[in-house]
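Asks:
Chains as they are written, first to last, in the UniProt record's numbering: chain Y, 1 to 743; chain Z, 1 to 443.
1) Between the C-alpha atoms of residue 30 (chain Z) and residue 279 (chain Z), what's the straight-line distance to the nearest angstrom?
2) Can the beta-carbon of residue 600 (chain Y) be found less than 7 Å from the beta-carbon of residue 577 (chain Y)?
3) In this structure, does DSSP put residue 529 (chain Y) in helix, strand or coil?
4) Let me see if you follow: with CB-CB separation under 7 Å, is residue 375 (chain Z) close to chain Y or not?
5) Is there a Cβ of chain Y sitting closer than 7 Å to that of residue 328 (chain Z), yes or no?
6) Buried or exposed: which applies to residue 520 (chain Y), given that a residue is buried once 16 or more other Cβ atoms fall within 10 Å of its Cβ?
7) Using the three-state DSSP reduction, which class does residue 265 (chain Z) fall into: helix, strand or coil?
8) Any C-beta of chain Z within less than 9 Å: which residues of the stretch 546 to 577 of chain Y qualify?
9) Take residue 97 (chain Z) and list the residues in its own chain whose beta-carbon comes closer than 8 Å to its own, dropping the five residues that flank it on each side.
10) Would you identify the three-state DSSP class for residue 429 (chain Y), choosing helix, strand or coil?
11) Got a sec: which bits of the stretch 682 to 697 of chain Y sit with their beta carbon under 7 Å from any beta carbon on chain Z, in order along the chain?
12) Does the distance from the CB of residue 304 (chain Y) to the CB of residue 255 (chain Y) come in under 7 Å?
13) Which residue's Cα is closest to the Cα of residue 427 (chain Y): Y:708, Y:48, Y:248?
14) Relative to the C-alpha of residue 293 (chain Y), which residue among Y:237, Y:355, Y:337, Y:309 is closest?
15) Leaving out the 5 sequence neighbours to the left and right, which residues in its chain are closer than 8 Å to residue 302 (chain Z) when beta-carbon positions are compared?
16) Which residues, in chain order, does the stretch 276 to 308 of chain Z contribute to contact with chain Y at a C-beta distance below 9 Å?
17) Below 7 Å between beta carbons: does that hold for residue 448 (chain Y) and residue 178 (chain Y)?
18) Identify the continuous beta strand (DSSP E) that holds residue 820 (chain Y) and give its terminal residues.
19) Any idea what DSSP makes of residue 568 (chain Y), helix, strand or coil?
20) Quick one: what's got a C-beta closer than 6 Å to residue 533 (chain Y)'s C-beta in the same chain, skipping five residues either side?
21) Would you say residue 264 (chain Z) lies against chain Y (beta-carbon separation less than 7 Å)?
22) Less than 7 Å between the beta carbons of residue 64 (chain Y) and residue 182 (chain Y), yes or no?
23) Classify residue 765 (chain Y): buried if its beta carbon has 16 or more other beta carbons within 10 angstroms, exposed otherwise.
24) Is the distance from the Cβ of residue 254 (chain Z) to the Cβ of residue 227 (chain Z) below 7 Å?
25) If I measure Cβ to Cβ from residue 545 (chain Y) and keep anything under 6 Å in the same chain, skipping five residues before and after, which residues do I get?
26) Where residue 454 (chain Y) and residue 73 (chain Y) are concerned, what is the direct C-alpha to C-alpha distance, given to the nearest angstrom?
27) Between the stretch 55 to 84 of chain Y and chain Z, which residues of the former have CB atoms less than 9 Å from a CB of the latter, in chain order?
28) Check whether the stretch 49 to 65 of chain Y and the stretch 140 to 159 of chain Y touch, using three or more Cβ-Cβ pairs below 8 Å as the test.
29) Does residue 270 (chain Z) have its Cβ less than 7 Å from a Cβ in chain Y?
30) Curious, which full-length beta strand (DSSP E) runs of at least 3 residues does the stretch 228 to 292 of chain Z contain?
31) How do the stretch 597 to 617 of chain Y and the stretch 360 to 375 of chain Z stand: do at least 3 beta-carbon pairs fall below 8 Å, yes or no?
32) Given this structure, state the Cα-to-Cα distance separating residue 193 (chain Z) from residue 330 (chain Z), to the nearest angstrom.
33) Name, going along the chain, the residues of the stretch 334 to 345 of chain Z whose beta-carbon falls closer than 7 Å to a beta-carbon of chain Y.
34) Let me know if residue 77 (chain Y) comes out buried or exposed under the rule of 16 or more other beta-carbons within 10 Å of its beta-carbon.
35) Tell me, please, whether the stretch 645 to 657 of chain Y touches the stretch 374 to 383 of chain Y by the rule of three or more beta-carbon pairs shorter than 8 Å.
36) What residues from the stretch 700 to 729 of chain Y come within 7 Å of chain Z, judged by C-beta to C-beta, listed N to C?
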């Protein structure tokens with residue numbers, strides 16, 4: 001039962017596969033008849049085509065991610081990438097040891113943050129190595145360009161990896177299709193466009209690399225592949241917190257193989273090597289530390305590791321005993337005692353506090369409603385919301401229908417490798433349904449499984465067509481697993497009908513695939529290529545209007561405030577203020593201290609005099625708010641305000657959400673709650689807004705983002721004064737006045 | 001694809017006072033018959049036009065005329081140009097004269113002198129009319145020092161009602177042109193008249209040498225006080241036909257400091273009354289045929305700029321990210337490419353030389369500290385810079401040129417492309433070799 005899967009995977013690697021490829025390659029090559037004059041052998045022709053397709057896919061994956069650079073400029077996008085950019089800059093300027101020991105006093109004032117110990121350095125080190133490499137080769141590039149193009153570069157590498165992975169689990173055809181699908185899949189592009197310099201950019205590459213190397217190790221049983229996968233895992237751990245997915249999926253996969261009776265020496269070697277070395281290597285990352293032996297999230301891997309040893313022992317004993325009955329009794333005893341010992345150890349570990357319980361993020365993955373009830377700070381992030389059906393359709397399009405078809409093909413030809421991809425696909429699809437951002441993790445699996453569907457279907461259809469034209473030869477192409485359908489077809493009496501059907505289906509498949517290409521290009525260009533720092537809109541005459549207010553405000557802060565000024569804003573803008581404004585912030589996007597964020601939330605939702613006390617205690621010099629009432633920009637602070645109230649109220653019970661609502665409704669107009677109309681956030685957003693006419697034919701003080709006339713037009717500020725407002729009012733900065741003299 | 005490190009022959013030139021000691025000659029034999037001074041205070045760069053009719057009353061011919069400046073003024077002196085008019089009426093031609101600093105041992109109260117070298121020595125009894133242009137910077141002192149957004153900017157101007165001169169002046173008159181009719185106060189030294197935007201001191205008759213009568217004019221001046229605190233220009237020569245210029249600016253508003261609130265609603269709705277002393281546009285005059293212009297800062301591209309290309313000059317209108325109020329700063333980078341043939345020439349002795357404008361292309365701005373770097377292509381030898389500074393020039397220089405001479409062999413132009421092709425060639429050779437070599441042990 002074990003040896004069954006080997007020949008399939010073995011043949012795919014060593015010699016030109018007789019069954020899947022040889023009927024296909026002459027078919028593909030018949031169009032390239034002119035090549036024959038160059039006297040290339042079939043094998044060489046096939047290699048040439050494969051390499052050129054891969055090269056084109058490689059270039060395509062890079063080029064399709066450049067929309068944002070061409071449309072805007074070579075800049076870093078969104079929020080988190082600004083932190084990564086800032087740290088990379090620090091790394092390239094000061095060197096690795098300074099970076100590793102960096103205590104950043106510019107964020108989380110007055111607490112500060114130990115950067116080296118609280119980040120995944122993989123991305124920064126990768127970019128810095130690329131930068132130093134290019135510098136060594138005398139390319140005078142700026143570190144910003146390297147950072148901007150890191151994600152597209154790794155996306156290109158991922159396509160190559162997808163090819164090898166597809167080749168490993170199915171055949172070269174599936175590999176090529178997988179490479180092409182993943183190159184333009186919007187689910188992946190959303191996190192890897194040029195400028196999206198985030199951990200996920202390299203992490204997806206690392207994830208797929210680890211999985212590929214592990215599958216390779218399981219298929220070959222080779223120590224070297226196991227070692228390679230351990231290093232792949234190390235890279236993944238250094239790059240992204242999502243490594244927890246790997247360290248839970250791989251044991252789960254091993255468990256499934258054990259249960260289905262697919263235990264083998266190859267699996268034993270692969271898993272033990274990968275787990276032990278991977279764990280030791282992962283401990284070198286400061287942020288991860290000893291979590292592999294101390295945290296509840298990593299215990300599954302350890303349990304499976306011990307289970308493997310038990311299995312090995314049993315295997316050996318079975319060999320020794322050679323008595324079935326005795327062995328059965330022994331098996332029952334050992335397995336029960338092993339599970340019992342494991343459970344007791346886990347219980348003792350948890351009770352004594354040696355093994356930490358699961359974190360909130362992990363819980364919220366298993367139970368989607370957990371965060372909403374317990375951790376508002378996780379629930380407040382839009383990318384942590386449960387996924388809507390439309391976003392699945394948006395990100396996967398036809399892959400969503402090809403995915404089940406691919407699963408069908410995988411189950412039809414079950415092997416260790418296909419079991420892995422099936423498990424990866426199913427678990428990641430579940431997680432993608434829990435959180436929007438995890439669509440990214442599911443994308444490689446969906447692409448690979450869909451590629452199997454596409455490749456297998458097209459191969460079957462072309463076999464049908466070829467079987468018709470070369471009837472006597474079809475007997476030779478019978479050997480493969482897919483040849484069965486072809487041979488059956490050739491014997492069938494309704495051959496002309498079947499041929500037409502095959503042609504129609506082929507055209508249908510090509511139509512669908514071309515639709516996928518247009519959809520992906522459209523999504524990439526329309527939805528995923530906006531830097532979100534610079535906003536673009538259409539003017540009255542169809543011209544493009546650019547709102548560059550964020551950078552206007554940050555640059556003003558950088559140039560015209562004292563270098564040690566402390567800026568208070570909602571945590572979303574923390575990374576950008578430190579990176580672009582170069583000023584100290586109270587809270588930022590690394591939401592490690594909930595109380596500190598709640599304090600800021602409390603200040604924002606209090607009356608001005610109460611907020612002043614809080615701001616004085618935090619040494620705040622400037623307060624920054626984002627306001628979209630003039631431009632109709634909807635993701636501003638007033639729309640985020642309820643989260644500030646909830647997070648603030650979660651720690652300080654004086655802040656109560658119902659005080660800001662009227663009959664459970666959130667309003668800013670005349671009917672708004674009195675506390676709402678007088679809280680700091682409302683005052684700072686709408687200060688002197690009542691004097692401004694935003695839209696023709698509307699009263700002054702008409703908020704275009706919410707479509708209402710504001711309720712409090714006569715706002716007086718006592719403890720703060722307006723320091724700067726950007727040209728479209730998107731960012732407003734206030735200066736906290738020093739306390740009055742007592743005499 | 002290795003591109004070797006560029007030979008960066010960076011010729012950094014900071015301007016220092018060129019203090020040349022010239023043989024002194026007696027000053028008492030010369031007198032000024034008539035002097036007229038027009039001081040233009042409309043911008044923060046003060047232009048002083050001085051017309052002197054000088055007569056040699058001594059016995060020996062005089063070859064130089066001295067100009068005197070109080071020590072406070074000489075520090076702010078950016079440019080001094082002198083010319084002499086020859087010919088009559090319609091056929092008048094102006095000849096520029098050399099102006100050099102000069103030190104006299106017995107200067108009263110630290111007075112500094114500049115000497116104008118005449119083309120032909122002034123014979124005894126002869127008279128000549130000299131026209132002198134002086135440009136002063138940082139000479140308007142804002143008072144009050146801090147203003148709010150709704151106030152307009154008032155400045156002090158310190159000078160003397162009498163022209164400081166080592167010579168006896170028979171008759172003199174001074175006109176001061178103010179930007180608006182709003183003048184808070186001015187020192188009266190009879191006879192003094194004020195009409196519209198003009199303030200007239202004089203005429204004064206028969207004043208002895210080194211007469212000085214301090215005056216203060218307190219006036220409104222809302223012109224943009226744009227000061228480039230530091231400018232680094234880098235000129236990179238590529239013999240493939242382009243000259244790449246990168247200019248890094250540190251800009252500041254040097255007027256009265258902004259105090260208190262900045263209210264966008266007022267700035268937006270009442271542009272004539274609110275923030276009148278602030279500025280948001282700057283104009284850069286670039287050479288014609290400029291291409292690939294960019295305008296950015298540390299955090300990215302600045303999208304508010306306009307470029308007008310013309311046959312004689314190109315104009316780049318730039319807008320900082322935010323309007324600049326008093327004391328506010330902004331840094332930015334402007335870069336552009338120029339065709340090489342307009343600026344690089346070959347001298348008769350086989351050297352190549354770059355002839356390039358020295359100053360800052362921004363109109364109506366003062367540059368406090370200027371550094372120019374010239375990046376020569378690899379393979380160039382013996383670079384040398386020729387900087388013909390005729391006067392003490394601390395600041396902006398518009399009309400002088402920087403010449404850099406160097407030897408260059410055109411064969412080095414092919415170095416980079418050759419390197420690139422050889423790298424690709426090697427890559428393909430390796431690929432071919434790899435495909436044809438079977439390294440496996442099994443047969």
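Don't be surprised by glycine CBs; every beta carbon is placed ideally from N, CA and C.
Replies: Taking the coordinates as given:
1) Indexing the second chain from 1 puts residue 30 (chain Z) at position 30. Indexing the second chain from 1 puts residue 279 (chain Z) at position 279. Rounded to the nearest angstrom, the two C-alpha atoms are 47 Å apart.
2) To locate residue 600 (chain Y), count along the first chain from 1; it is residue 600. To locate residue 577 (chain Y), count along the first chain from 1; it is residue 577. Contact: no.
3) Within the first chain, the letter at position 529 stands for residue 529 (chain Y). If DSSP states are grouped into helix, strand and coil, residue 529 (chain Y) belongs with coil.
4) Walking along the second chain from the start, residue 375 (chain Z) turns up at place 375. By this cut-off, residue 375 (chain Z) is not an interface position.
5) Position 328 of the second chain holds residue 328 (chain Z). So, interface residue.
6) Position 520 of the first chain holds residue 520 (chain Y). With 16 or more Cβ atoms within 10 Å of its Cβ, residue 520 (chain Y) is classed as buried.
7) Here residue 265 (chain Z) is taken as the residue at index 265 of the second chain, counted from 1. DSSP places residue 265 (chain Z) in the helix class (H, G or I) of the three-state scheme.
8) Within the stretch 546 to 577 of chain Y, the qualifying residues are 546, 548, 551, 552, 553, 554, 555, 556, 558, 559, 560.
9) As a first step, residue 97 (chain Z) must be located in the second chain, where it is residue number 97. Counting only Cβ-Cβ distances below 8 Å, and skipping sequence neighbours, we find 82, 83, 84, 116, 117, 118, 119, 130.
10) For this step, residue 429 (chain Y) is matched to residue 429 along the first chain. Residue 429 (chain Y): helix per DSSP, three-state reduction.
11) Flagged, chain order: 688, 691, 692.
12) Position 304 of the first chain, counted from the start, is the residue given in the question as residue 304 (chain Y). Position 255 of the first chain, counted from the start, is the residue given in the question as residue 255 (chain Y). Yes, they are a contact pair.
13) Position 427 of the first chain, counted from the start, is the residue given in the question as residue 427 (chain Y). For residue 427 (chain Y), the nearest C-alpha among the options comes from Y:248.
14) Here residue 293 (chain Y) refers to the residue found at position 293 of the first chain. Per the Cα distances, Y:355.
15) Here residue 302 (chain Z) refers to the residue found at position 302 of the second chain. Excluding sequence positions up to five before and after residue 302 (chain Z), its CB lies within less than 8 Å of the CB of 295, 296, 318, 319, 320, 321, 332, all in the same chain and listed in chain order.
16) Residues passing the 9 Å Cβ filter: 296, 297, 298, 299, 300, 301, 302, 303, 304.
17) Working through the first chain from its first residue, we reach residue 448 (chain Y) at position 448. Working through the first chain from its first residue, we reach residue 178 (chain Y) at position 178. Yes, they are a contact pair.
18) Lying before the first or after the last residue shown, residue 820 (chain Y) is absent from chain Y, which here runs from 1 to 743.
19) To locate residue 568 (chain Y), count along the first chain from 1; it is residue 568. Reduced to three states, the DSSP call for residue 568 (chain Y) is strand.
20) The residue you call residue 533 (chain Y) lines up with position 533 of the first chain. Excluding sequence neighbours, residue 533 (chain Y) sits near 550.
21) Stepping through the second chain from its first residue, residue 264 (chain Z) is reached at position 264. At least one beta carbon of chain Y lies nearer than 7 Å to the beta carbon of residue 264 (chain Z).
22) The count along the first chain starts at 1 and reaches residue 64 (chain Y) at position 64. The count along the first chain starts at 1 and reaches residue 182 (chain Y) at position 182. No, Cβ-Cβ distance for residue 64 (chain Y) and residue 182 (chain Y) is not below 7 Å.
23) As shown, chain Y starts at 1 and ends at 743. That puts residue 765 (chain Y) outside it, with no answer to give.
24) The residue labelled residue 254 (chain Z) in the question sits at position 254 within the second chain. The residue labelled residue 227 (chain Z) in the question sits at position 227 within the second chain. Yes, the Cβ-Cβ distance between residue 254 (chain Z) and residue 227 (chain Z) is below 7 Å.
25) Reading the first chain from its first residue, position 545 is the one you call residue 545 (chain Y). So the list reads 537, 539, once near-sequence residues are dropped.
26) Taking the first chain and counting its residues from 1, one reaches residue 454 (chain Y) at position 454. Taking the first chain and counting its residues from 1, one reaches residue 73 (chain Y) at position 73. Take the alpha-carbon of residue 454 (chain Y) and the one of residue 73 (chain Y): they are about 37 Å apart.
27) Cβ contacts with chain Z come from 72, 73, 74, 75, 76.
28) Yes: at least three Cβ pairs fall under 8 Å.
29) Looking up residue 270 (chain Z) in the second chain gives position 270. Chain Y contact via Cβ: absent.
30) Given a length threshold of 3 residues, each whole run of the beta strand (DSSP E) inside the stretch 228 to 292 of chain Z is given here in chain order: 242 to 253, 282 to 286.
31) No, because fewer than three Cβ pairs between the stretch 597 to 617 of chain Y and the stretch 360 to 375 of chain Z fall closer than 8 Å, the two stretches do not touch.
32) Against the second chain, residue 193 (chain Z) aligns to sequence position 193. Against the second chain, residue 330 (chain Z) aligns to sequence position 330. Between residue 193 (chain Z) and residue 330 (chain Z), the alpha-carbon positions lie close to 41 Å from each other.
33) Listed by position, the residues of the stretch 334 to 345 of chain Z near chain Y (Cβ gap below 7 Å) amount to none.
34) For the purposes of this step, residue 77 (chain Y) is identified with residue 77 of the first chain, where counting begins at 1. Buried.
35) Yes, they touch.
36) Considering only beta carbons, the part of the stretch 700 to 729 of chain Y lying closer than 7 Å to chain Z consists of 721, 722, 723, 724, 725, 729, in chain order.
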